[in-house]
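S.K.:
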Amino acid sequence: MARVVTPPSMPLLPPRDFSELFERVGPHMVALDRFMRREVDHFEPEIRDMAAYCLDISGKRLRPTMVFVSGWQGEGVVVDDLVRAAGVVEMVHLATLVHDDIMDRAEIRRSRRTAAREFGPDAAVLLGDALFSQALHIASQFPTTEVCRLVSESTRKVCSGEIMQTLRRRDINISLAEYRRMIDLKTAELFRVSCFLGARLSGHDPAFATAADGFGHHLGIAYQIYDDLVDFVGEEQRIGKTLGTDLATGKLTLPLMLLLERVSADERAAMVAALRGGQPLGLSASKQRMRELGIAAGVVSAIDAELAVASQALAPFAGLAPVPLMLQLGEMLRKQVAALSATAVSP
Numbered sequence: 647m648a649r650v651v652t653p654p655s656m657p658l659l660p661p662r663d664f665s666e667l668f669e670r671v672g673p674h675m676v677a678l679d680r681f682m683r684r685e686v687d688h689f690e691p692e693i694r695d696m697a698a699y700c701l702d703i704s705g706k707r708l709r710p711t712m713v714f715v716s717g718w719q720g721e722g723v724v725v726d727d728l729v730r731a732a733g734v735v736e737m738v739h740l741a742t743l744v745h746d747d748i749m750d751r752a753e754i755r756r757s758r759r760t761a762a763r764e765f766g767p768d769a770a771v772l773l774g775d776a777l778f779s780q781a782l783h784i785a786s787q788f789p790t791t792e793v794c795r796l797v798s799e800s801t802r803k804v805c806s807g808e809i810m811q812t813l814r815r816r817d818i819n820i821s822l823a824e825y826r827r828m829i830d831l832k833t834a835e836l837f838r839v840s841c842f843l844g845a846r847l848s849g850h851d852p853a854f855a856t857a858a859d860g861f862g863h864h865l866g867i868a869y870q871i872y873d874d875l876v877d878f879v880g881e882e883q884r885i886g887k888t889l890g891t892d893l894a895t896g897k898l899t900l901p902l903m904l905l906l907e908r909v910s911a912d913e914r915a916a917m918v919a920a921l922r923g924g925q926p927l928g929l930s931a932s933k934q935r936m937r938e939l940g941i942a943a944g945v946v947s948a949i950d951a952e953l954a955v956a957s958q959a960l961a962p963f964a965g966l967a968p969v970p971l972m973l974q975l976g977e978m979l980r981k982q983v984a985a986l987s988a989t990a991v992s993p
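Below is the structure:
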């Protein structure tokens, strides 16, 4: 397993926020950027510019970060296999975003036009397919079939989760268990496999790889619940993507489920009729009712519960090098949630 060692960029202290953590994994991200740019050349000349548009470097790159911290070997140590695995999961993730934006009719992603808006929805569908295919091609280049098997299974599950959510749009009878199942598949699955692959490919004990798997699973559920809250109470300029799409397309997420539980019977009937009839509920009005009814607190409680389980999964391995950085991922998400919930209760 080839490694490239670069000088440490900062002292080994717990990162305080995402920017510091990304600085910590900076050498890994530089290697990932080079890798992704090289991958563009494998696309047919006619669509390379389109692929490059999608494989930009402006996103948070949470999933590659999970691969890198779960397989952490020390400050400045970059493992080639981890870079390739990170490239695979990021490419799968980007493919899902291309497709999501088509279905949500989103205009903005990462502070610029979505692929569907830039190239048209028909071409964007096929572009997403091309990204999926290239990700699996990269996975097939590992000397073992395990990586390709795991990534292809995860890709299928992500698509299954999206299909389930699409078929249940404007359905107000979705249970909490069904909601959890959908976000488990469509979001938590890639978080889970990212953490597992990081631990597995870096040669850690199989028991730790299993623990990393569980950590990633619960972190992913927590993150999707947070993202569902962002869609209601976030600010588009700060977030950098179109918000309010869940409400506009009739997705029943946890914030909306809690809102429907707490409004009066007459108000609930009007909201249900609007959702089922494809009529706009109005994002501003929904935000106001969420503030008035304290919906954010219930959503934050669900996120905290998932983060607690995620942390518990790593407790037996506290002495391993990756664990402090992995736990910081959970802590930093908790800080983001706190900042968002503060805006959700202020007028």
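At position 33 of the sequence shown the residue is numbered 679 (my numbering), and the sequence of numbers has no breaks. Each residue gets a CB set at the ideal place from its N, CA and C atoms; glycine is no exception. What you are looking at is a predicted structure, and each value in this text was computed from that prediction instead of being measured.
1. Does D817 get closer than 7 Å to chain B when you measure Cβ to Cβ?
2. Under the assumption that L847 contacts A731 (Cβ atoms under 8 Å), give the Cβ distance between them as a whole number of angstroms.
3. Helix, strand or coil: which one does DSSP assign to P818?
4. Leaving out five residues before and five after R649 in sequence, what residues of the same chain have Cβ atoms less than 8 Å from its Cβ?
5. Exposed or buried, what is T791 when buried is set at 16 or more other beta-carbons lying within 10 Å of its beta-carbon?
6. May I have the straight-line CA-CA distance separating E977 from F837, to the nearest angstrom?
7. Taking the straight line between their C-alpha atoms, what separation do you get for V715 and G944?
8. Check R649 in the structure and name its three-state DSSP category.
9. Got a sec, what are the start and stop residues for the alpha helix (DSSP H) V793 sits in?
10. Considering Cα atoms alone, identify which of D873, A948 and P852 is closest to K832.
11. Which residues mark the beginning and the end of the alpha helix (DSSP H) in which V686 is found?
12. In angstroms, rounded to a whole number, what distance separates the CA positions of P633 and E764?
13. Judging by CA-CA distance, which residue of E913, L971, R908 and M696 is the nearest neighbour of L939?
14. Answer with buried or exposed for H688, where buried requires no fewer than 16 other C-beta atoms within 10 angstroms of its C-beta.
15. Going by the CB atoms, is the gap between A959 and G844 shorter than 7 Å?
16. With burial defined as no fewer than 16 other Cβ atoms inside 10 Å of the residue's Cβ, what is the status of Q811: buried or exposed?
17. Work out the CA separation of G672 and P653 for me, nearest whole Å.
18. Might you give, ordered along the chain, the residues of its own chain that have their beta carbon closer than 7 Å to the beta carbon of G862, omitting 5 neighbours on each side?
19. Can you find at least 3 beta carbon pairs, one from the region 776–783 and one from the region 691–702, that sit closer than 8 Å?
20. Just checking my contact of F681 with G766 at CB under 8 Å: how many whole Å lie between their CB atoms?
21. In chain order, what are the residue ranges of uninterrupted alpha helix (DSSP H) at least 4 long that sit wholly in the region 918–991?
22. For L953, which residues in the same chain have their Cβ closer than 8 Å to its Cβ, ignoring the five residues on either side in sequence?
M.R.: Taking the structure as given:
1. This model lacks chain B altogether, as it is built from one protein chain only.
2. 6 Å
3. It should be noted that the sequence gives Ile, not Pro, for residue 818. Here I818 sits in coil by DSSP.
4. Caution is warranted here: a pLDDT of 46 is assigned to R649, below 50, making its placement in the model unreliable, and the coordinate value is therefore given only provisionally. Cβ within range, chain order: Q719, V723, V724, V725 and D726.
5. exposed
6. 16 Å
7. 30 Å
8. Residue confidence is low: R649 scores 46 on pLDDT, short of 50, so the model does not pin down where it sits. No coordinate-derived value is stated.
9. E792 to L813
10. D873
11. G672 to V686
12. No answer is possible for residue 633: the residues shown for the chain start at 647 and end at 993.
13. R908
14. exposed
15. no
16. buried
17. Because P653 carries a pLDDT of 37, less than 50, the predicted location of this residue cannot be relied on, and the following value inherits that uncertainty. Going from the Cα of P653 to the Cα of G672 covers about 11 Å.
18. M712, F837, R838, S840, C841 and F842
19. yes
20. In fact, because the Cβ distance is near 29 Å, the residues do not count as touching under 8 Å.
21. 929–939, 941–960 and 968–991
22. H864, L865, A868, G976, L979 and R980
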